[in-house]
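In order, the protein sequences belong to chains A and B. Using this note's numbering, read the first sequence as starting at 2 and increasing by one per residue. Using this note's numbering, read the second sequence as starting at 9 and increasing by one per residue.
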Amino acid sequence: MCGIVGLFLKTPRLEPQLGGLLSGMLGTMTDRGPDSAGFAVYGREAAGRKITLRGPDAPSLRRTIAALQAELGLVLDVQHRDTHAVLVVPEDRETEIRAWLAANGGADVVGSGQRMEIYKEVGLPASVAGRFDLAAMAGTHGIGHTRMATESAVTTNGAHPFSTGPDQCLVHNGSLSNHNALRRSLRREGLTFATDNDSEVAAGYLTWRMREGASLKGALEASLADLDGFFTFVVGTRDGFAVLRDPIACKPAIMAETEDYVAFGSEYRALVGLPDIDGARVFEPEPATVYAWERH
Amino acid sequence: MPLVDLRQTTLRELNRSLHALDPDTNETHWRVRHPDGRHAVAAGLSLPIAVEIEGHVGYYCAGMNAQAEIVIHGNAGVGVAENMMSGRVHVRGDASQSAGATAHGGLLVIDGNASARCGISMKGIDIVVKGSVGHMSAFMAQSGTLTVLGDAGEALGDSLYEARLYVRGSVKSLGADCIEKEMRGEHRAELSEKLAAAGLQGEVDPGEFRRYGSARRLYQFHVDNAGAY
């Protein structure tokens, strides 16, 4: 099961409403995934690097961030949202900050980039969206996932989106069968993985391809030959948004496009609340075909 | 004419009302507004009533239909008219995967495209798709007809039994044991009849279609395979 959603705005008109629209889409997909939920939002570009951190609970995350700033002599712009916080850090200090976090614990890095913020937690999608106040977030695009755990525990680590590169993230409906071998070869290429999750390997694969010079579209096209299994992916990058289904189209997908946006849902129900949906071109993405959009 | 707005009335109430109708009911024409992609809209109907659905529906719309005539003014999700027994289902937009799956009878007309596995395991239904169909259409189809005015995707008619497939456009590839067959007079007559039933009489030339069917090598016992048992 599981539900995935994505919304990419082609014009600025709806940017203030991005979070509100995405929140509605995510809530509708509760039927497909009531165990945990997560989402990524591409918001305003920061004057530095945005790092999204997740702590075990809000007070201890605050303590960790205070200690980090004190020990490294930093005064950071920090936006707390429940168990998550987004730090804006000088780009030349990111490695040092990550090393401090790795050594001291107390918070996991969920993702980083110039524009991307990622939030994920266990619980009903509507309550997860509510805890982080997704409805109030503005941005140009976002993706989300609702999980129905079938083969591993209900934990935040198993929640999507997965991010393995700056401003890159992926949500996945399906399962991959060659992820262990692929993870080993990607580790040899210098990628790091936080979990044993198959979807994180798909994210890592795309990060590797793009690092080697491929476009988002090219990376996804290459994945058709290298990933074995069932998948519908929705992927976000700093300025891009893409959708890919496996060659036998095992998992459901529906898209809607208007002059203002491109939207993806596991089911049409997720798209019903979008503006001008009655006038949208609604279509099912073809199997083994990459659909990609870029903002300019 | 009963008008049901699914933003006001629950889906369960709608389906219950449709199921509770008496055979001699005068409420023979229903309109359903705001389906909003809900699943199983107007599933399990068993009387010759008409239901018009104004918008996109989710999974299994008109599933198990018997006798009713159901028109969807929008797109249909997975499994529209699955296991239909009789009656008529008309999708004005596109249909998702497994349209008409396992259906025993009736007519399914899709004005747009149908995606993968259209007519999978069909058992007697007639399906007319005015656009194209996706991969693995008519997979293990047992009987009935699948008529496609556009193209067919990969592996058409894989492991086919006795269903007849008529395609006007290109076929990307044929599935195991599916072959092109000669279009004889009886087939042209059958195709004309199905096109007429779908309201296409005079609009489409049956002579432009090719016929595909089972080579009967896969499901028939062959003595050379005796050692395998």
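Note that beta-carbon positions come from the ideal geometry of N, C-alpha and C, so glycine has one too. Because the structure is a prediction, the values reported are computed rather than measured.
Query	Result
Kindly list, in the order they appear in chain A, the residues whose Cβ is closer than 9 Å to that of N83(B).	I255, Y269, V283, F284 and E285
Please list, in chain order, the chain D residues whose beta carbon lies closer than 7 Å to that of H64(B).	Among the protein chains in the structure shown, which are A and B, there is no chain D.
In terms of residues, what are the limits of the beta strand (DSSP E) holding R239(A)?	Careful: R239(A) lies outside any beta strand (DSSP E) and carries neither H nor E.
Whole beta strand (DSSP E) runs in the region 8-73 of chain A with 3 or more residues, listed along the chain?	37-43 and 50-55
When DSSP labels each residue in this structure, what does H297(A) get in the three-state scheme?	coil
Of all the options S106(B), A124(B), I80(B) and T36(B), which has the alpha carbon lying nearest to the alpha carbon of V97(B)?	I80(B)
Does V273(A) come within less than 7 Å of chain B when only Cβ atoms are used?	yes
Check each residue of the region 230-250 of chain A: if its Cβ is closer than 9 Å to any Cβ of chain B, include it; give the result in chain order.	P248, I249 and A250
S167(B) CB to nearest chain A CB: under 7 Å?	no
Less than 7 Å between the beta carbons of G221(B) and K189(B), yes or no?	yes
Using 8 Å as the threshold, is the region 3-23 of chain A in touch with the region 114-122 of chain A, meaning 3 or more CB pairs across them?	no
Can you grab the Cα-Cα spacing for the pair M138(A) / Q18(A), in whole Å?	7 Å
Measuring CA to CA, which of A108(A), A226(A), A38(A) and A59(A) is closest to A160(A)?	A38(A)
Suppose the cutoff is 6 Å on Cβ atoms and the five residues either side in sequence are ignored; what does the same chain contact list for T153(B) look like?	D134, R172 and K202
Is it the case that the Cβ atoms of A74(B) and S94(B) are separated by a distance below 7 Å?	yes
Using a 10 Å radius around the Cβ and a threshold of 16 neighbouring Cβ atoms, would you call M92(B) buried or exposed?	buried
Please name the residues in the region 107-141 of chain B whose beta-carbon is closer than 7 Å to at least one beta-carbon of chain A, in chain order.	S123 and A124
Can you tell me which of T96(A), S176(A) and H85(A) puts its alpha carbon nearest to the alpha carbon of K121(A)?	H85(A)
Looking at the C-beta of G71(B), does it have a partner C-beta in chain A at a distance below 7 Å?	no
Between G45(B) and chain A, is the shortest Cβ-Cβ distance under 7 Å, so that the two count as touching?	yes
Can you look up E118(A) in the DSSP assignment and give me helix, strand or coil?	strand
So P91(A) contacts chain B; which residues on that side make the cut at Cβ distance below 9 Å?	By Cβ distance, chain B contributes nothing, its closest Cβ being about 46 Å from P91(A), past 9 Å.
In terms of DSSP beta bridges, what is Q169(A) paired with?	G166(A)
Under 7 Å between the Cβ atoms of G44(A) and G140(A)?	yes
Counting only Cβ pairs nearer than 8 Å, list the residues of chain B close to P288(A).	A124, G142 and H143
Can you pull the chain A residues whose beta carbon is under 9 Å from the beta carbon of D102(B), in chain order?	V283, F284 and E285
In three-state DSSP terms, what is T96(A)?	helix
What does a CB cutoff of less than 7 Å around T233(A) pick up in its chain, not counting 5 residues either side in sequence?	I5, N174, G175, R246, K252 and A254
Distance, Cα to Cα, D109(A) vs L73(A)?	18 Å
Can you tell me whether L11(B) is buried or exposed, with buried defined as 16 or more other CB within 10 angstroms of its CB?	exposed
Compare the beta carbon distance of I78(B) and V59(B) with 7 Å and say whether it is the shorter of the two.	yes
Do V155(A) and D58(A) have their beta-carbon atoms positioned less than 7 Å apart in this structure?	no
Is E90(B) closer than 7 Å to Y68(B) when the C-beta atoms are compared?	yes
Measure the Cβ-Cβ separation of V236(A) and F265(A) and say whether it is below 7 Å.	no
Applying a beta-carbon distance threshold of less than 9 Å, which residues of chain A neighbour Q105(B)?	A250, P253 and E285
By the DSSP assignment, the alpha helix (DSSP H) with S167(B) in it spans what residues?	Unbroken run through S167(B): none, as it is neither H nor E.
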